[in-house]
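What follows is one structure encoded as structure tokens, with my remarks underneath.
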Amino acid sequence: MMERIYALAEADIDTFVGTNRANLITLSNLFPKTKLRLHQNVLKILGEDQAVEELMHVLSALEQLCSEYNQLTEAQIIETVRRLRSGQEGGGQPSASDVIIYGIHGKAIQARGRAQQRLVSNFGSCDLCFATGAAGSGKTFIAICLAVKALKAKQVRRIILSRPAVEAGEKLGFLPGEMKDKLDPYLQPLYDALGELIPAPKLKDLMDTGVIQIAPLAFMRGRTLSDAVVILDEAQNTTPQQMKMFLTRLGMNSKMVITGDFTQVDLPRGVPSGLRDALDKLEGIRGIGFVHFDKQDIVRHPLVSAIVERYDEREREAEQS
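Residue numbers (the numbering used here): 2 to 322.
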């Protein structure tokens, strides 16, 4: 255990700490192996050596950011921690070269951390990319950002997004309602991501004309997907036969991104994951990129990192007992 003292000298203490100490709570969630105590303008940090040293660097960067912009938000804290952990300099202000695309409200969307940066790099150099790992790490969202960017640049003519509707066994004919009504619950996360990048009227037009297509995996059979960015989400829930079928849909001037998280497999017991099978079989083939995301890459609410860390700790304890 280590104890360190950090004295706030440049930033306004109330701004730095946030309303009801919200910023300190955010830091505590991002650094679950430390404890923060505030007295006047002094922060006392207790915890594991490496975590304490890392938090000291973060506090220094955040104080500079707070002093310069006279504000400190949860988003700035998360971004600063991510950039420092990935070896980047600076705080939460992206440079133009970092930006993938701008969202509907003008928000600059950039790769956060090394894993997202590797996915961006692989997308540029490979026609097939696998992105696996922690839920909430932005795998699918970054892939969709890259797809929309390619469409706007006229590098492709279509975006095709797919998911296995595993909860329904893909037997959608047995569900009540029109086909769109049957599919939407399984595909809503993809709509949500697109909605952050394309205004609703334009998105509807692109979908009505088939420029952007969202469909369950079963609907891919028999198609050749050319001049498109094709994204398969939740691929851990494919079977090896489904994965082979999907991979062989790749056409000319197309790119595929396949995402999945092995901690969220919903296949029946005893059914192997097509994603794991593909990773084992395709490793080493030129033109295929592989990126793994871990807990440090999570970009959801900072509590998510603390929750994942706690679950992992309990699982390790159970395995050792």
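All C-beta atoms in this analysis are idealised placements derived from N, C-alpha and C, irrespective of residue type, glycine included.
Note that the coordinates shown come from a computational prediction; the quantities given were computed from them, not determined experimentally.
Suppose the cutoff is 7 Å on Cβ atoms and the five residues either side in sequence are ignored; what does the same chain contact list for residue i look like?
i: V29; result: In the sequence as presented, Val is not what sits at residue 29; that position holds Ser. The answer, listed in chain order, is L37.
i: Q156; result: none
i: K150; result: I101, I102
What residue range does the beta strand (DSSP E) around residue i cover?
i: E75; result: Unbroken run through E75 is the alpha helix (DSSP H), 75–86; no beta strand (DSSP E).
i: I215; result: 213–217
i: M3; result: 3–8
i: L39; result: 35–40
i: I161; result: 159–164
i: A23; result: First-last for A23: 23–31, but that is the alpha helix (DSSP H), not the beta strand (DSSP E).
i: T133; result: 129–134
Between which two residues does the alpha helix (DSSP H) carrying residue i extend?
i: K140; result: 140–153
i: K108; result: Segment: none, K108 is in no alpha helix (DSSP H) and carries neither H nor E.
i: K245; result: 241–248
i: A16; result: The residue you asked about is not Ala; residue 16 is Thr in the sequence shown. From DSSP, the alpha helix (DSSP H) with T16 extends over 14–18.
i: A205; result: Strictly speaking, residue 205 in this sequence is Lys, with Ala absent from that position. Unbroken alpha helix (DSSP H) run through K205: 201–209.
i: R277; result: 275–283
i: C264; result: In the sequence under discussion, the amino acid at residue 264 is Thr, which differs from the Cys named in the question. From DSSP, T264 is part of no alpha helix (DSSP H); its letter is neither H nor E.
Count the other CB atoms, across all protein chains shown, that sit within 10 Å of the CB of residue i; report buried if there are 16 or more and exposed otherwise.
i: P177; result: Low confidence applies to P177: its pLDDT is 48, below 50, so where it sits in the model is not reliable enough to give any reading.
i: I78; result: buried
i: K200; result: Residue identity check: residue 200 is Pro in the sequence provided, not Lys. By the neighbour-count rule (16 or more Cβ atoms within 10 Å), P200 is not buried but exposed.
i: T264; result: exposed
i: V272; result: exposed
i: M257; result: buried
i: A135; result: buried
i: G48; result: buried
i: N254; result: exposed
i: E80; result: buried
i: I6; result: exposed
i: T239; result: buried
i: R317; result: exposed
i: K153; result: exposed
i: K45; result: exposed
i: G196; result: exposed
i: T249; result: exposed
i: S126; result: exposed
i: Q237; result: buried
i: T133; result: buried
i: D281; result: exposed
i: G139; result: buried
i: R159; result: buried
Please list, in chain order, all residues of the same chain as residue i whose beta carbon is under 6 Å from its beta carbon, the five residues on each side excluded.
i: E310; result: P33
i: L207; result: I213
i: L147; result: F124
i: L191; result: L162, I215
i: I110; result: I101, I102, G104, C146
i: R83; result: R113, G114
Please check the pair residue i and residue j, which I expect to be a contact at CB under 8 Å, by giving their CB distance rounded to whole angstroms.
i: I259; j: F131; result: 5 Å
i: N42; j: A76; result: The Cβ separation is near 24 Å, so there is no contact.
i: L73; j: L66; result: 7 Å
i: G211; j: S227; result: About 13 Å; that fails the 8 Å criterion.
Taking 7 Å as the cut-off, is the beta-carbon of residue i closer than that to any non-hydrogen atom of the ligand HEM?
i: A62; result: With respect to the ligand HEM, the structure offers nothing, as it holds no ligand at all.
For residue i, which residues of its own chain have a beta-carbon under 8 Å away from its beta-carbon, when the five flanking residues on both sides are left out?
i: D278; result: P241, M244
i: R22; result: L39
i: E4; result: K45, I46, L47, V53
i: L85; result: E55, H58, V59, A62
Stretch pair the segment 12–25 + the segment 48–55: three plus CB contacts closer than 8 Å: As far as the Cβ criterion goes, the segment 12–25 does not touch the segment 48–55, which means the pair count is below three.
The segment 101–116 touching the segment 228–240, judged by at least three CB pairs closer than 8 Å: Taking a cut-off of 8 Å for Cβ pairs, the segment 101–116 and the segment 228–240 do not touch, as fewer than three such pairs fall below it.
Cβ contact (3+ pairs, closer than 8 Å) linking the segment 112–127 and the segment 266–285: Between the segment 112–127 and the segment 266–285 there are fewer than three inter-stretch CB-CB distances shorter than 8 Å, so the stretches are not counted as touching.
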